[in-house]
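Novice:
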Amino acid sequence: MTQAHDDEDTYDVVIVGAGIAGGILAKELLAKGFSVLILEQGADQGHDWRTYRNYLDQYYLSLAKTPNSPYPDEATSPSPSVLDIMPVHGTSPQTDGYFVQRGPVAFGSNYLNTYGGTTLHWLGTSLRMLPADFAMASRFGKSVDWPFGYEELRPAYEKAEWEIGVAAEVSEQSMKARGLRPSDPGDSEIFHSPDYQFPMHGIPQSYTDRYFADRADGTEVSTVSGTVASHTDEVIAVKVSPTPQGRNSTPRLADEKGALPVVAGKQIETPYQPRGATGAFAFVGQRCEGNSSCIPICPIQAKYNAMKTLEDSKAQARVRATAQNKSQANSIGEKAARASIGKQQIDRIFRIKTQSVASEVELDENNQVSGIVYKHYDFPGVPTYTLRRARGRQYVLAGGALENTTLALASGLCRSNDALGRNLMDHPYMMAWGRAKDPVGPFRGPGSTSGIASFRDGHFRREKAAFRLEIGNWGWNFAAGSPQSDVSRMVRRDNLFGCELRQKLWHDVQRQIRIGVLVEQLPRESNRVTIDPAYRTAMGQFRPVISYDIADYSRAGLALAHKACQQIFQRMGVEDHTNYDPGAAGYLTWSGQGFTVFGSGHLVGTHRMGSEATRSTSVTDQYMRTWDHSNLWMVGCGSMPTIATSNPTLTMAALAFRAADAISEALT
Amino acid sequence: MNDTPSIAPFSSPDTARSALGNLLQQALMLELSTIPPYATACYSIKEQGEYNRSSPQIVNAEPVEVIRQVMVEEMLHMVLVANVCNALAIIPVLNDPALLPRYPSRLLSGKGPMLRLRRFCPQQIAAFREVEKAPDAESYDRIMRGEYQTIGGFYIFLDAQLEQACEQFGEAALFSGDPARQISPADYYGAGGEVILVTGLSSAREALREIAEEGEGATIDGELGGIACDGDKIPGPTGEERLDIAHFFKFDEILHSRYYQPDDRLGTPPSGGDMIVDWSAVWPMADDLSKDIYEKDMELSALSDQFDRIYSQLLDGLNDAFNGSPERLGQIVPLMFRLKEAAQRLMRIPLCDGETAGPLWLYREREGD
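This is how it looks when you write it as structure tokens:
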């Protein structure tokens, strides 16, 4: 084994992973005056317009436009691909692709190991968790409570919404406006703080959304019986509501009285400035243009991605370097101070080392982290590297739930209990699709602009999983490969061509509607990530070995969701075309019914937070500091004790703000 | 400069308003008239996949972006002029065929630079640069007599007239427009800068100054004259100020294949990084196309008509937006995408001599629906 060479500079904080969590941590800690190093395994692509255009080219050329299709998948920093998800048979693991799947159910999600992380292909959905989601054990006797409640995280949610630039209206996002009957009536009042507003106005609802709202609102679904409710059942009324989204719309100016919102207890002084594309094309992407390819790539970066936060962090470093130069030479002007910034000077304040794969977190005799050994490679795709060691005072793993876990396991961290890698969760994603009576104008606008939040909370959570319904704007794209599959079917099966083909295609595709179901999964010890020396990447890194199942609680939730979708379609007069293939990797059965689920890309759990009382089953304390190593923090979706029914990015961003405060305290 | 050559006084508020109305309507048409030539050049650049290379290459993405930036600022200028009109209770007209620009023609009623419909080529970009030229060479006296030859000179004249009128009859008497007709930042943002709500002389002058600054980098009162920066901020990362470049310099950047830095001076070559410009990755659209070329070909004239109809809908929409329905602005955005598609459809059709068809930008009266 070769010896790792120490890096010259030591930083206040060393972060692993240049994604949204790492970006926010860096930006916050830089603002507080600390020096920061980020180690990123992917290459330095995407942050300037030329390399971003390469992503676009790759997307245009890809035949299967999967979430990771635009982005590099190099041997030096491989990412999981949804194309590799295959059924797991018996006890032999499925090892195609990056994951090693032990089953019994194939874990269907992916993520992206590159500069900017998975925010490059996320949809932008920025939902908060509900107050009840923080108290699953005390309210429903299920799984665990978070070590803190909703109200404690609320200011961090506000900061996260302003960092991402969430477009939504408070008046439309209150629990009441969304038709959510909380399991505790007090939840509604605390959901938004009094003078809070989102940084941008809501993205308009699509025509499909309004088509749904006009016809499906008020549909009553019993959480217990079949389609006819008995009077003792808990009955939930469907309500379509707009979804908060991390994409640029119209920035919110002062209201009629000239007042700007209060965010995390602080009065905002200037309205939110939307950020466009990173790099030289800053003028594009200040507003969503409806390019309709949010997943896998927004061509103009109107959708938030973590590269924007990382650019802010770099700007922060330049501002600090300018100030340093000014204070050193008394009479020097702003411009001269800026001009005299050296690369080394910047690097000492903030540096992102890309092509640097963290491979071992080293501990000293006091069980404190003493350094992170990383493999620096010169050429993407060529697994030849030099070993280096980064040093800091505090260390943060922010590379995503699975990457954090494999690195920690490989380094023998957090061994005082057996919690690391356990409680992996995702949102099993099921679809229902059908043909409406009228044209609804699909394949336009962002992937989803509204959803049905009605089933996100309720007393039924004692027995079955809560879920959110997402209304799709892109027809049967995800569900059935439309419109390409329609063309092929009409040509081959129906023998249509020319004008007739065009007319039929137009007629059918215009009427496609789809609902996505994101169902809650409870933490289970047996859903876990481990490592195995037999499975490594070309760089010698451990691949995630995943054992995964979907429990009856979630399956019961899926069955309820399926029933709800059918009732909604019935009420809307939609012809149901939902069809679940028993041969699919995600085919599940429950109580005589079968459903196909996919992953949502929401990788949650694995290094969850806990309180003193749950110390033996958690990896970190409530501020994401590991129980075992006082200068090591694990931050990200992996920190979440439960997944609930909201897409986790916003919650992760809020947690990053929370951790940044705690880390800064630890440094002072 | 203290004994400023003065503008002849107006005989009455009505004559002042009608003189200003004339000038502002001209300003509106002036800003509009740049858009078809700029857009045509921009659309003629081949995009990825249209460029005949075995592997995809990024060609001309930068010039497309630079021209696009100029275009959206011209659109902003139209909005600013409309706000000045509406503040003065003058009706801005955008869809009167008698007033709309035709090509080829000289700007400023024949006194200004020449504008033609041509593909992206060095001569055309040089012509655009000419359009955005600062009024340096012009004497102030001549401008004040209305004998301006540049757009900058025109705006100096307009500004002086506005000031004169306010001095004579008072701001309140002139700025009597309905504030509800103003286009606000909520109706228009994310394209070229911030909309200014015009309520009186100072905000009107601010709006006119923004137009002049973004054009040639020289302000009406001479603050920024001669440097590349136009005083606008680029929407870059939080906490850092980056300054934008004026149009004259942007076109010059394309000709030099090199970016300007905000403090570069007029007359010195750009000092920034390289810009990749490929003059050959362009649809060879024929110069100065006219209607009679398409007349013999049914399909071509149908496509050309289709383009014109979209253009006309856009102008009608803008006219509505500027005349009491600001919310229409957002609704006509999709038309701009369709306009580009329709133009590029034409540019793919060969005519003869290896040249292709292109858009004519002719207005057709609104159909009675």
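Chain order of the listed sequences is A and B. The numbering used here puts the first residue of the first sequence at 11, with every later residue one more than the last. The numbering used here puts the first residue of the second sequence at 37, with every later residue one more than the last. Each residue gets a CB set at the ideal place from its N, CA and C atoms; glycine is no exception. Please read all numbers here as calculations on a predicted model, not as lab measurements.
1. Between the C-alpha atoms of residue 550 of chain A and residue 75 of chain A, what's the straight-line distance to the nearest angstrom?
2. What does residue 455 of chain A reach in chain B if we use C-beta pairs closer than 8 Å?
3. What are the start and end residues of the beta strand (DSSP E) that includes residue 264 of chain A?
4. What's the gap between the Cα of residue 215 of chain A and the Cα of residue 157 of chain B?
5. If we cut at 7 Å on Cβ distances, does residue 161 of chain A have a partner in chain B?
6. Please list, in chain order, the chain A residues whose beta carbon lies closer than 9 Å to that of residue 225 of chain B.
7. Give me, in chain order, the residues of the same chain whose beta-carbon lies closer than 6 Å to that of residue 72 of chain A; leave out the 5 immediate sequence neighbours on both sides.
8. For residue 170 of chain B and residue 405 of chain A, I'd like the C-alpha separation in whole angstroms.
9. Secondary structure at residue 246 of chain A, three-state DSSP: helix, strand or coil?
10. Buried or exposed for residue 437 of chain A, please, with buried defined as at least 16 other CB atoms from any protein chain shown within 10 angstroms of its CB.
11. Cα separation between residue 121 of chain B and residue 193 of chain B?
12. Along the chain, where does the alpha helix (DSSP H) containing residue 52 of chain B start, and where does it finish?
13. Taking only beta-carbon atoms, is residue 297 of chain B less than 7 Å away from chain A?
14. Candidates B:271, B:60, B:65: which alpha carbon is nearest residue 130 of chain B's?
15. Below 7 Å between beta carbons: does that hold for residue 356 of chain B and residue 345 of chain B?
16. Is residue 396 of chain A buried or exposed, if buried means 16 or more other CB atoms sit within 10 Å of its CB?
17. With 16 as the cutoff for other CB atoms within 10 Å, does residue 612 of chain A come out buried or exposed?
18. For residue 269 of chain B, report the span of its beta strand (DSSP E) as first-last.
19. Taking 7 Å as the CB-CB limit, is residue 353 of chain B close to chain A?
20. Where does residue 603 of chain A sit, in a helix, a strand or coil, going by DSSP?
21. Between the Cα of residue 153 of chain A and the Cα atoms of A:530, A:673, A:555, which residue gives the shortest distance?
22. Of the residues A:124, A:675, A:555, A:271, which one's Cα is nearest the Cα of residue 419 of chain A?
23. Please decide whether residue 270 of chain B counts as near chain A, where near means a Cβ-Cβ distance under 7 Å.
24. Look up residue 255 of chain B in the DSSP assignment and say whether it is helix, strand or coil.
25. According to the neighbour-count rule (16 or more other Cβ atoms, all chains shown, within 10 Å of its Cβ), is residue 471 of chain A buried or exposed?
26. If you measure from the beta carbon of residue 163 of chain B to each beta carbon in chain A, is any gap under 7 Å?
27. Starting from residue 360 of chain A, follow its DSSP beta bridges and name the residues at the other end.
28. Determine which residues of the stretch 321–332 of chain A have a Cβ less than 9 Å from any Cβ of chain B, and write them out in chain order.
29. Just to make sure I have the definition right: I need the residues of chain B whose C-beta is within less than 9 Å of the C-beta of residue 292 of chain A. Which are they?
30. Rounded to a whole number of angstroms, what is the C-alpha to C-alpha distance between residue 81 of chain B and residue 464 of chain A?
31. Would residue 168 of chain B pass as a contact of residue 283 of chain B if the rule is Cβ separation under 7 Å?
32. Give a yes or no on whether the minimum CB-CB distance between residue 257 of chain A and chain B is below 7 Å.
33. Do you know whose CA, among B:366, B:110, B:395, lies nearest residue 229 of chain B's CA?
34. I'd like to know whether the C-beta of residue 222 of chain B is nearer than 7 Å to at least one C-beta of chain A.
35. Between the Cα of residue 211 of chain A and the Cα atoms of A:197, A:490, A:284, which residue gives the shortest distance?
36. Going along the chain, which unbroken runs of the alpha helix (DSSP H) with 4 or more residues stay wholly within the stretch 121–202 of chain A?
Specialist: In brief:
1. The residue labelled residue 550 of chain A in the question sits at position 540 within the first sequence. The residue labelled residue 75 of chain A in the question sits at position 65 within the first sequence. So the two alpha carbons sit approximately 29 Å from each other.
2. The residue you call residue 455 of chain A lines up with position 445 of the first sequence. Ordered by position in chain B, no residue passes the 8 Å Cβ test against residue 455 of chain A, which lies about 11 Å from the chain.
3. One-based indexing of the first sequence puts residue 264 of chain A at position 254. Segment: none, residue 264 of chain A is in no beta strand (DSSP E) and carries neither H nor E.
4. Taking the first sequence and counting its residues from 1, the one referred to as residue 215 of chain A is at position 205. Taking the second sequence and counting its residues from 1, the one referred to as residue 157 of chain B is at position 121. Rounded to whole angstroms, residue 215 of chain A to residue 157 of chain B spans 42 Å at the Cα level.
5. In the first sequence, the residue the question calls residue 161 of chain A occupies position 151. Output row for residue 161 of chain A: interface = no.
6. Translated into positions along the second sequence, residue 225 of chain B becomes position 189. Neighbours of residue 225 of chain B on chain A, chain order: 260, 261, 284, 296, 297.
7. In the first sequence, the residue the question calls residue 72 of chain A occupies position 62. The residues are 79.
8. Reading the second sequence from its first residue, position 134 is the one you call residue 170 of chain B. Reading the first sequence from its first residue, position 395 is the one you call residue 405 of chain A. Cα to Cα, the separation comes out at about 56 Å.
9. Locating residue 246 of chain A in the first sequence gives position 236, where the first residue counts as 1. Reduced to three states, the DSSP call for residue 246 of chain A is strand.
10. In the first sequence, residue 437 of chain A corresponds to position 427, counting from 1. Its Cβ being crowded by 16 or more others within 10 Å, residue 437 of chain A is buried.
11. Counting from one through the second sequence, the residue named residue 121 of chain B turns up at place 85. Counting from one through the second sequence, the residue named residue 193 of chain B turns up at place 157. Roughly 16 Å separates the two Cα atoms.
12. Counting from 1 along the second sequence, the entry for residue 52 of chain B is found at position 16. Unbroken alpha helix (DSSP H) run through residue 52 of chain B: 49–79.
13. Counting from one through the second sequence, the residue named residue 297 of chain B turns up at place 261. Chain A contact via Cβ: absent.
14. Against the second sequence, residue 130 of chain B aligns to sequence position 94. Of B:271, B:60, B:65, the residue nearest in Cα terms is B:65.
15. Taking the second sequence and counting its residues from 1, the one referred to as residue 356 of chain B is at position 320. Taking the second sequence and counting its residues from 1, the one referred to as residue 345 of chain B is at position 309. Result no, Cβ atoms of residue 356 of chain B and residue 345 of chain B do not sit closer than 7 Å.
16. What you label residue 396 of chain A is simply residue 386 of the first sequence in a count that begins at 1. By the neighbour-count rule (16 or more Cβ atoms within 10 Å), residue 396 of chain A is not buried but exposed.
17. As a working mapping, residue 612 of chain A is identified with position 602 in the first sequence. The residue is buried, with at least 16 neighbouring Cβ atoms inside 10 Å.
18. Sequence index remark: in the second sequence, residue 269 of chain B carries index 233 (1-based). Taken as a continuous stretch (DSSP letters only), the beta strand (DSSP E) holding residue 269 of chain B covers 265–269.
19. What you label residue 353 of chain B is simply residue 317 of the second sequence in a count that begins at 1. Chain A contact via Cβ: absent.
20. Reading the first sequence from its first residue, position 593 is the one you call residue 603 of chain A. Strand.
21. Indexing the first sequence from 1 puts residue 153 of chain A at position 143. Looking at the Cα atoms, A:530 is the closest of the given residues.
22. Taking the first sequence and counting its residues from 1, the one referred to as residue 419 of chain A is at position 409. It is A:555 whose Cα lies nearest to the Cα of residue 419 of chain A.
23. Taking the first residue of the second sequence as position 1, residue 270 of chain B is located at position 234. Answer yes: the Cβ-Cβ gap between residue 270 of chain B and chain A drops below 7 Å somewhere.
24. As a working mapping, residue 255 of chain B is identified with position 219 in the second sequence. Its pLDDT being 47, under 50, residue 255 of chain B is placed unreliably in this model, and the value from its coordinates should be taken loosely. It is coil, neither helix nor strand.
25. Within the first sequence, numbered from 1, the residue matching residue 471 of chain A stands at position 461. By the 10 Å Cβ count, residue 471 of chain A comes out buried.
26. To locate residue 163 of chain B, count along the second sequence from 1; it is residue 127. No, no contact with chain A.
27. Along the first sequence, read from residue 1 onward, the residue named residue 360 of chain A stands at position 350. The partner list for residue 360 of chain A (beta bridge, DSSP) reads A:46.
28. 321, 322, 323, 324, 325, 326, 328, 329
29. Here the question's residue 292 of chain A lines up with position 282 in the first sequence. Near residue 292 of chain A (Cβ distances below 9 Å), the residues of chain B are 270, 271, 272, 273, 278.
30. Residue 81 of chain B sits at position 45 when you count from the first residue of the second sequence. Residue 464 of chain A sits at position 454 when you count from the first residue of the first sequence. Roughly 49 Å separates the two Cα atoms.
31. Locating residue 168 of chain B in the second sequence gives position 132, counting from the first residue. Locating residue 283 of chain B in the second sequence gives position 247, counting from the first residue. Yes, Cβ-Cβ distance for residue 168 of chain B and residue 283 of chain B is below 7 Å.
32. The count along the first sequence starts at 1 and reaches residue 257 of chain A at position 247. It does not: the Cβ of residue 257 of chain A has no partner Cβ on chain B nearer than 7 Å.
33. For the purposes of this step, residue 229 of chain B is identified with residue 193 of the second sequence, where counting begins at 1. When each option's Cα is compared against that of residue 229 of chain B, the closest is B:110.
34. For this step, residue 222 of chain B is matched to residue 186 along the second sequence. Chain A contact via Cβ: present.
35. Mapped onto the first sequence, residue 211 of chain A falls at position 201. Taking only the C-alpha atoms, the option nearest residue 211 of chain A is A:284.
36. 146–150, 160–174, 180–183, 197–200
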